[in-house]
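Note sheet for the following structure.
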Amino acid sequence: MKILILNGPNLNLLGTREKSVYGSRSFEDYYKELEEAFPGLELSTFQSNTEGTLIDKLHEVGFSYKGIVFNAGAYTHTSVALSDAVKAIDTPVIEVHISNVYAREAFRHKSMIAPHCAGSIIGFGLESYRLALLHFERMKPKQV
Ligand code: DQA
0 MKILILNGPN
10 LNLLGTREKS
20 VYGSRSFEDY
30 YKELEEAFPG
40 LELSTFQSNT
50 EGTLIDKLHE
60 VGFSYKGIVF
70 NAGAYTHTSV
80 ALSDAVKAID
90 TPVIEVHISN
100 VYAREAFRHK
110 SMIAPHCAGS
120 IIGFGLESYR
130 LALLHFERMK
140 PKQV
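So this is what it looks like as structure tokens:
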């Protein structure tokens, strides 16, 4: 069961970027823990700071993979193109955010992609990713 964790802009800087908001752990380090925790999922991960590259990745996996966990970073709040891409694909997408965007600036309160996602997991630190993977792990075979 192939699952992609897709990270958008600036998430390559996790561990060094705004530690008080995003923590001091790199995604690479956390991802190793996820791989160990979900041996039944064929996990892969991809990060890009570029909107078009994220769209290309959604198109590439979005008709064959069983799930996508997507942190679109700041594009969450601005990108009609990413919203359209999430809507266009067949694979269910779970939106995740490390921080509680609703407790932050008003411009972070709007998600362009949320209406086209299976659900959103927001504000649990890096563990937001694990909670999304738990959903895919627990999906019954006929649903995936
Ligand atoms: C984020 C929240 C966004 O508002 C922000 O632009 C990010 C990270 C999060 O995971 O909390 O880059 O998506």
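Numbering that gives the first Met the number 0 numbers the first residue of the sequence shown as 0 and each following residue consecutively.
The beta-carbon is built from N, C-alpha and C at its ideal position, and this holds for glycine as well.
query                                                                                             : result
Stretch-stretch touch, CB-based, cutoff 8 Å, three pairs: the segment 2-20 with the segment 39-55 : yes
Contact test: SER19 Cβ vs the ligand DQA heavy atom, cutoff 7 Å                                   : no
Closest by C-alpha distance to CYS147, when choosing among ILE93, TYR64 and MET138                : Since the first and last residues shown for the chain are 0 and 143, residue 147 lies out of range.
Run of the alpha helix (DSSP H) containing VAL79, from where it starts to where it stops          : 79-87
Delimiting residues of the alpha helix (DSSP H) encompassing PHE135                               : 126-137
ALA71 to PRO8 span [Cα, whole Å]                                                                  : 7 Å
Minimum C-alpha distance to LEU133 - residue among VAL79, TYR101, VAL95 and LYS56                 : VAL95
MET138 versus LYS65 - alpha carbon distance                                                       : 10 Å
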